[in-house]
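Quick note: the sequence shown uses this note's numbering, first residue 407, plus one each step.
We treat Cβ as the ideally placed atom computed from N, Cα and C, and that holds for glycine.
Here the structure is a predicted model, which is why all the values come from computation and not from measurement.
Data first, discussion second: the structure below is written as structure tokens.
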Amino acid sequence: MVNAANAALAGGRGVDGAIHRVGGPEIPEECRAFPYLAPGVKCPTGEVRSTTAGRLRARWVIHAVGPIHDSRDQPRSRALLESAYRSSLVEGMRLGARTLAFPSLSTGAYRYPLRQAAEVALSTVLAFIEEEPGAFDTVTFALFSPNDLEVFETTLAALTDTGSTRVTR
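Encoded structure:
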């Protein structure tokens with residue numbers, strides 16, 4: 407499972423806080439063990455760190471730090487968001503995960519526009535699956551609201567040119 411983490415790996419609000427709470431003490435303890443690379447930064451934006459999943463029904467949590475959206479520097483924001491997704495996929499493959507579940511990174515407190523974020527997320531995952539066709543059996547998106555689901559489904563249908571909201575390989 408992928409967590410929308412903050413750079414301090416401190417269990418913030420939303421999905422991040424819920425994963426830290428529900429997963430039990432193991433996840434926060436493992437996050438505290440990562441060294442600081444700079445003040446307040448254990449995991450730079452666009453990168454990931456992984457821990458066990460504690461009491462969650464998963465083997466690992468891949469903590470991905472997406473960007474705080476900066477409308478004045480769209481190319482940089484996009485590159486960092488792509489990196490967070492791609493780094494999560496690479497880490498999942500390294501861990502031997504057969505399934506991976508993503509939230510919509512950076513669209514909550516970090517204010518990345520949902521439609522743009524969906525395009526980045528889905529195009530990055532689709533490109534990775536093309537490059538590494540046997541990497542995963544299933545990649546899913548666990549989304550916050552019916553509106554989020556609709557945006558992701560519409561975006562996926564547009565990206566795949568099939569009108570489908572499912573991709574099977």
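No Cβ-Cβ contact shorter than 8 Å links Tyr518 with Ser489.
Within the DSSP bridge table, the entry for Ile468 names Val408, Ser456 as partners. Contact between Ile468 and Glu497 holds: their C-beta atoms lie close to 5 Å from each other, under 8 Å.
Thr546 sits in a strand when the DSSP states are folded into three classes. Beta-bridge partners assigned by DSSP to Thr505: Thr544. Taking a 10 Å sphere around the C-beta of Gly446, we find fewer than 16 other C-beta atoms and assign the residue as exposed. Excluding five sequence positions before and after Val408, the CB atoms of its chain that fall closer than 7 Å to its own CB belong to Ile468, Ala470, Ser494, Leu506, Ala507, Phe508, Pro509, given in chain order.
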